[in-house]
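Rendered as structure tokens:
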């Protein structure tokens, strides 16, 4: 009985790992095949052919698209952290009237369906002359990164004891000095976590990037991958699609491997407390 | 005393100074565009003439279209069969996906909560689907589900479950199932981690006590584990449910242009940018927003969320 239980448990563990990892493994496998080889179903690598990867970078557009994604995601993280640190300090550490309602408002913005603001944002982006500019994405991504960063940093700062800033307040230090001297050194782990999650979110965003960019060289990678197509349904270049997919996913998988504890704590922060 | 009130005023002023930039950005990027969208829903705006949009009342939602001979018919979003089909598709998608994500998430969380060698590796592996961009997941599965060269058909045929390849994404009967499958695969990790965090907050001595009393494990799960993990689980269900109602990427990439999987977001975007019915698409976006808003408000009231942070003090 005990043995059966053990076998069942390990079978379950194997199944969990296999279903999680197999699709990505298979994408790598396909990306290493080209020509007719792609159309034979293989479970193990037979050849290692890097031509799909060479082709992906051949005309330089894909490289530019990766840089676009890196640029947008990085600036989004920097701006939202910059705005969120001071704002969360106010929300977490200074009691003022209407604080709860304000937090509720911020939280509800993060529930906004992107499609609900799409037509309004479209006119705004066009009105500001940002259509087909990467800044339109930096601007519009604030709608999901900012509420999230503010929420997580506020939750984090609330947990710090009152004593840590008492002395500084008594010494007459200004709130800005208190943030810089007292909170920033304590805050950096939370900032790494939220920054990482905001980066991944911005890197993966699709709807705004699809709508606000109109030329190939301005697109970000998710849109670029979604729009790769062949002359007909029978000529879809699956090898190139998989190579591009592996290229944009590998950095994320690496980040997850390195920072998994931080990511898990960030994902569950606030939510579990609720 | 006066020094103290002075300090409070100073700090309150600082609080608003700190909040203003963030609130301005949120207003510009969320509230103003939302108001614009709602306004466009009541106009005759078209993609090429957004500035010339004029108020037309509820015409996009519902209008009596008179043939001129005393007869006529209702017209507008609220009587549009394609729209209601999209609403139904979205609800079906959200319900089924979240149900299975919760179920599988719970199973994975229970496994990860047990002590066994290699647990860290398993936890990392479980996170992989979460880290893969939605568009990439949809493409990967699109390839695996390919009717002629897909590995899923190959596996199922080798095992003998099906006798001929199935065109998963192209057949109306299976297209929705394919979309759900990708979503469940991609977001179960999130659910598992949330539930795992809830499980880890249950004190271990409860289990010790149950074990000493010789309580049957199934009973322990039903009477102890499930009630204690319920709050975390419910939060996950609501988060994922709201997310599923606005699904767009997976459907756009995996099964575009199929009535069987057209969801609300897709319907709205098609009208906005492809059919040149900007006003109509805005009206659809507004209704989607209302649905999500109602559910969110209901959730906040139902759980009486601790927004002031009183419990921490």
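Protein chains in written order, with our numbering: chain A, 7 to 280; chain B, 8 to 320.
Note that the Cβ used here is the ideal one computed from N, Cα and C, for glycine as well.
Every value quoted in this text rests on a predicted model; they were computed, and no experiment measured them.
Would residue i and residue j qualify as a contact pair, given that the criterion is a beta-carbon distance under 8 angstroms?
i, j, result
"residue 154 (chain B)", "residue 179 (chain B)", "no"
"residue 86 (chain B)", "residue 98 (chain B)", "no"
"residue 141 (chain A)", "residue 112 (chain A)", "no"
"residue 72 (chain B)", "residue 56 (chain B)", "no"
"residue 117 (chain B)", "residue 126 (chain B)", "no"
"residue 233 (chain B)", "residue 205 (chain B)", "no"
"residue 268 (chain A)", "residue 188 (chain A)", "no"
"residue 83 (chain A)", "residue 215 (chain A)", "no"
"residue 326 (chain A)", "residue 129 (chain B)", "As displayed, chain A neither begins before 7 nor continues past 280, which places residue 326 (chain A) out of reach and without an answer."
"residue 125 (chain A)", "residue 44 (chain B)", "yes"
"residue 132 (chain B)", "residue 264 (chain A)", "no"
"residue 101 (chain B)", "residue 248 (chain B)", "yes"
"residue 202 (chain B)", "residue 295 (chain B)", "no"
"residue 183 (chain B)", "residue 268 (chain B)", "yes"
"residue 69 (chain A)", "residue 77 (chain A)", "no"
"residue 258 (chain B)", "residue 273 (chain B)", "yes"
"residue 258 (chain A)", "residue 200 (chain A)", "no"
"residue 141 (chain B)", "residue 256 (chain B)", "yes"
Below 8 angstroms on the Cβ atoms is my contact criterion, and I expect residue i with residue j to pass it. Report the Cβ-Cβ distance as a whole number of Å.
i, j, result
"residue 37 (chain A)", "residue 58 (chain A)", "5 angstroms"
"residue 30 (chain A)", "residue 255 (chain A)", "7 angstroms"
"residue 196 (chain B)", "residue 261 (chain B)", "The pair is not a contact, with the Cβ atoms about 19 angstroms apart (cut-off 8 angstroms)."
"residue 271 (chain B)", "residue 94 (chain B)", "6 angstroms"
"residue 33 (chain A)", "residue 248 (chain A)", "5 angstroms"
"residue 251 (chain A)", "residue 146 (chain B)", "6 angstroms"
"residue 130 (chain A)", "residue 40 (chain B)", "6 angstroms"
To which residues of the same chain is residue i closer than 7 angstroms at the C-beta, ignoring the five residues directly before and after it?
i, result
"residue 163 (chain B)", "169"
"residue 185 (chain A)", "91, 92 and 95"
"residue 48 (chain A)", "35"
"residue 200 (chain B)", "none"
"residue 207 (chain A)", "150 and 151"
At the 8 angstroms Cβ level, is residue i part of the contact set with chain A, yes or no?
i, result
"residue 319 (chain B)", "For residue 319 (chain B), the pLDDT reaches just 43, beneath the cut-off of 50, and the residue's location in the model is therefore unreliable, leaving the point undetermined."
"residue 43 (chain B)", "yes"
"residue 8 (chain B)", "Because residue 8 (chain B) carries a pLDDT of 49, less than 50, the predicted location of this residue cannot be relied on, and no value is offered for it."
"residue 152 (chain B)", "no"
"residue 62 (chain B)", "no"
"residue 168 (chain B)", "no"
"residue 66 (chain B)", "no"
"residue 90 (chain B)", "no"
"residue 39 (chain B)", "yes"
"residue 133 (chain B)", "yes"
"residue 47 (chain B)", "yes"
"residue 247 (chain B)", "no"
"residue 191 (chain B)", "no"
"residue 25 (chain B)", "yes"
"residue 141 (chain B)", "yes"
"residue 107 (chain B)", "no"
"residue 13 (chain B)", "no"
"residue 295 (chain B)", "yes"
Please list, in chain order, all residues of the same chain as residue i whose beta carbon is under 6 angstroms from its beta carbon, the five residues on each side excluded.
i, result
"residue 16 (chain B)", "none"
"residue 104 (chain B)", "187, 190, 191 and 251"
"residue 52 (chain B)", "60, 285 and 286"
Within the 8 angstroms Cβ cut-off, does residue i reach chain B?
i, result
"residue 146 (chain A)", "yes"
"residue 30 (chain A)", "yes"
"residue 59 (chain A)", "no"
"residue 34 (chain A)", "no"
"residue 22 (chain A)", "yes"
"residue 280 (chain A)", "Caution applies to residue 280 (chain A), whose pLDDT of 34 falls short of 50 and renders its modelled position unreliable; the value that the coordinates give is listed next. Chain B contact via Cβ: present."
"residue 167 (chain A)", "no"
"residue 219 (chain A)", "no"
"residue 26 (chain A)", "yes"
"residue 235 (chain A)", "no"
"residue 282 (chain A)", "For chain A, the structure presents residues 7 to 280; residue 282 (chain A) sits outside this window and is missing."
"residue 210 (chain A)", "yes"
"residue 137 (chain A)", "no"
"residue 126 (chain A)", "yes"
"residue 120 (chain A)", "yes"
"residue 181 (chain A)", "yes"
Apart from the five residues on each side of it in sequence, which residues of its chain come closer than 8 angstroms, Cβ to Cβ, to residue i?
i, result
"residue 225 (chain A)", "71, 74, 215, 219 and 233"
"residue 299 (chain B)", "249, 252 and 253"
"residue 195 (chain A)", "268"
"residue 100 (chain A)", "181"
Would you check if there are 3 or more beta carbon pairs closer than 8 angstroms linking the region 9-25 of chain B to the region 90-98 of chain A? Taking a contact to require three or more Cβ pairs closer than 8 angstroms, the region 9-25 of chain B and the region 90-98 of chain A qualify as touching.
Cβ contact check for the region 111-125 of chain A and the region 177-190 of chain A: 3 or more pairs under 8 angstroms: Fewer than three beta-carbon pairs drawn from the region 111-125 of chain A and the region 177-190 of chain A are found closer than 8 angstroms, and the two stretches are therefore not classed as touching.
Three or more beta-carbon pairs under 8 angstroms between the region 160-168 of chain A and the region 143-151 of chain A, yes or no? Fewer than three beta-carbon pairs drawn from the region 160-168 of chain A and the region 143-151 of chain A are found closer than 8 angstroms, and the two stretches are therefore not classed as touching.
Taking three-plus beta-carbon pairs below 8 angstroms as touching, is the region 281-292 of chain B in contact with the region 216-223 of chain B? Segments in contact, no.
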